[in-house]
Amino acid sequence: MALEVVRRVLEGRKGAGDGEGVRVVGLVGLWPTVTHIARSASGVRVGWLLRLPHFALVVGFLARVLMFFVSETVLAGLLKLVLDFPDDAAGTTAKFLKSPMGVRQALYMAKDEMNEITEDRWDKDIWVAATESERPRPKLIFYFGKRDHWVADHTRDELIAARAYREGGEEWKPRMLIDEEGIPHSFPIKHGAQVAEIVAGFVDEIIRADKP
Numbered sequence: 055m056a057l058e059v060v061r062r063v064l065e066g067r068k069g070a071g072d073g074e075g076v077r078v079v080g081l082v083g084l085w086p087t088v089t090h091i092a093r094s095a096s097g098v099r100v101g102w103l104l105r106l107p108h109f110a111l112v113v114g115f116l117a118r119v120l121m122f123f124v125s126e127t128v129l130a131g132l133l134k135l136v137l138d139f140p141d142d143a144a145g146t147t148a149k150f151l152k153s154p155m156g157v158r159q160a161l162y163m164a165k166d167e168m169n170e171i172t173e174d175r176w177d178k179d180i181w182v183a184a185t186e187s188e189r190p191r192p193k194l195i196f197y198f199g200k201r202d203h204w205v206a207d208h209t210r211d212e213l214i215a216a217r218a219y220r221e222g223g224e225e226w227k228p229r230m231l232i233d234e235e236g237i238p239h240s241f242p243i244k245h246g247a248q249v250a251e252i253v254a255g256f257v258d259e260i261i262r263a264d265k266p
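For what it's worth, the working numbering labels the leading residue of the sequence shown as 55, then goes sequentially.
Below, the structure written as structure tokens:
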């Protein structure tokens, strides 16, 4: 979604004078699935289910029925016990599961992602933001997981090979890094503070790069 926002902002600024409209100075993508989500480990496992007729509707209805008989407090306790979630993550997940449309909407979104996140659709749009230019361009930083069940290693490596900055010039190209700390795709559950420190460094880098 962030890539699409940048594309639309850049499209809207075409023909505008300097200082007019919104200007995006940078983007940080965390564990991003930029292409071919269906080829990831989780995509292969659940993709066929999401394609079943009325799957989201049926599962969403069953979830509402089951959650009706479990209080939010009990559900949060089960999440902490079974999945070892911390208190805040367990409480947030319990609220989501108890919400009237949460499960159904999440499954609809997952199906849409399977259909939309395929080829590198940004050839003429987002990547032009990272071409050498005298005008300020958004600084793009992508931080991938080393083992991410929502990003296939080969699609990640192909994107890095095709789009990423390499030592020795072309500093305007996106920076694409692979995490070496073993942080999972679900980092907000237990690794939020650690990732926040990483992102703070990226934001500082973007701000410094944008200064005249």
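Where is the CB? At the ideal position from N, CA and C, for every residue including glycine.
For residue i: DSSP bridge partner residues
i, result
"R289", "Absent from the structure is residue 289, since the part of the chain shown begins at 55 and ends at 266."
"V205", "D202"
"V82", "I195"
Beta-carbon proximity check, residue i vs residue j, cutoff 8 Å
i, j, result
"S98", "I195", "Position check: residue 98 holds Val in this sequence, whereas Ser was assumed. Not a contact, by the Cβ cut-off of 8 Å."
"V79", "V63", "no"
"P192", "V60", "yes"
"W85", "F241", "yes"
"E173", "T87", "no"
"L57", "W176", "yes"
"R93", "T209", "yes"
"I91", "M163", "no"
Nearest-angstrom Cβ-Cβ length linking residue i and residue j, presumed shorter than 8 Å
i, j, result
"L151", "M121", "6 Å"
"A148", "L133", "6 Å"
"H203", "A95", "4 Å"
- [ ] Could you tell me whether the segment 138-155 touches the segment 229-247, using the rule of 3 or more Cβ pairs below 8 Å?
- [x] As far as the Cβ criterion goes, the segment 138-155 touches the segment 229-247, which means the pair count is three or higher.
Open item on the list: Using a Cβ distance threshold of 8 Å, determine whether the segment 232-242 contacts the segment 196-209, with at least three qualifying pairs required.
Closed with: Cβ pair count under 8 Å is three or more, so yes.
Open item on the list: List, from N- to C-terminal side, the beta strand (DSSP E) runs of 3 residues or more that fit wholly inside the segment 92-150.
Closed with: Annotation: the segment 92-150 contains no complete segment of the beta strand (DSSP E) (minimum length 3 residues).
TODO: Examine the Cβ distances between the segment 98-117 and the segment 210-226 and report whether three or more of them are shorter than 8 Å.
DONE: In the pairwise beta carbon analysis, the segment 98-117 is classified as not touching the segment 210-226: fewer than three pairs are separated by under 8 Å.
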